[in-house]
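Written out below as structure tokens is the structure these notes cover.
Numbering (this note's numbering), first residue to last: 8 to 141.
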């Protein structure tokens, strides 16, 4: 079941981590998002700190038309892009969560960004909701 958190959109999946990452990437693509960056948190913490951590990835997702509209409205909004989506192991399954673009754009304080943030939120909500039941 998809839920809203204070600053994100989340669902829990009964899928292994690797499968969850694949499904999330596919769901994002269906909503017009590409993954620009992929940060393997577990590998990074092991390499930099020799610390063990669960499997956890941060995906930097971008919808080019929405990003273009936002950047054309306010150049500094690039500091809040791309949309971060996380996937991590949780017991027998995985958790998927996306940063709420509306919450992020509130930081900018520019009402002209509201409609762009709302469209991005709707697309991310659909992508994450499509994973429910997986």
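All C-beta atoms in this analysis are idealised placements derived from N, C-alpha and C, irrespective of residue type, glycine included.
Since the structure is predicted, the reported quantities are computational estimates derived from the model, not experimental observations.
Can you tell which of the options has its C-alpha closest to the C-alpha of residue i?
i: residue 131; options: 13, 64, 68; result: 68
i: residue 100; options: 12, 63, 33, 35; result: 63
i: residue 25; options: 111, 103, 44, 123; result: 103
i: residue 139; options: 27, 84, 88, 122; result: 27
i: residue 113; options: 137, 10, 133, 84; result: 84
i: residue 12; options: 33, 115, 44, 108; result: 108
i: residue 117; options: 46, 92, 79, 136; result: 79
i: residue 135; options: 32, 14, 23; result: 32
i: residue 89; options: 98, 66, 96, 81; result: 66
i: residue 91; options: 123, 46, 121; result: 46
Under a three-way DSSP split, which group does residue i fall into?
i: residue 97; result: strand
i: residue 105; result: strand
i: residue 4; result: What the structure shows of the chain is the stretch from 8 to 141, and residue 4 is not part of that stretch, so it cannot be assessed.
i: residue 9; result: coil
Just reading off the alpha helix (DSSP H) that residue i is part of, what are its end residues?
i: residue 28; result: 24 to 37
i: residue 66; result: Not the alpha helix (DSSP H): residue 66 falls in the beta strand (DSSP E), residues 63 to 69.
i: residue 113; result: 108 to 115
The beta strand (DSSP E) spanning residue i covers which residue range?
i: residue 133; result: Note, residue 133: premise wrong, no beta strand (DSSP E); alpha helix (DSSP H) at 121 to 136.
i: residue 43; result: 41 to 47
Alpha carbon to alpha carbon, what distance is there between residue j and residue i?
i: residue 29; j: residue 14; result: 24 Å
i: residue 60; j: residue 23; result: 16 Å
i: residue 9; j: residue 76; result: 27 Å
i: residue 125; j: residue 94; result: 22 Å
Indicate whether the contact test is met: 3 or more Cβ pairs, each with one atom in the region 48 to 60 and one in the region 11 to 24, closer than 8 Å.
Flag = no, the region 48 to 60 and the region 11 to 24 do not touch.
Counting beta carbon pairs with one atom in the region 26 to 45 and one in the region 68 to 81, are three or more of them shorter than 8 Å?
With the cut-off at 8 Å, the region 68 to 81 and the region 26 to 45 touch.
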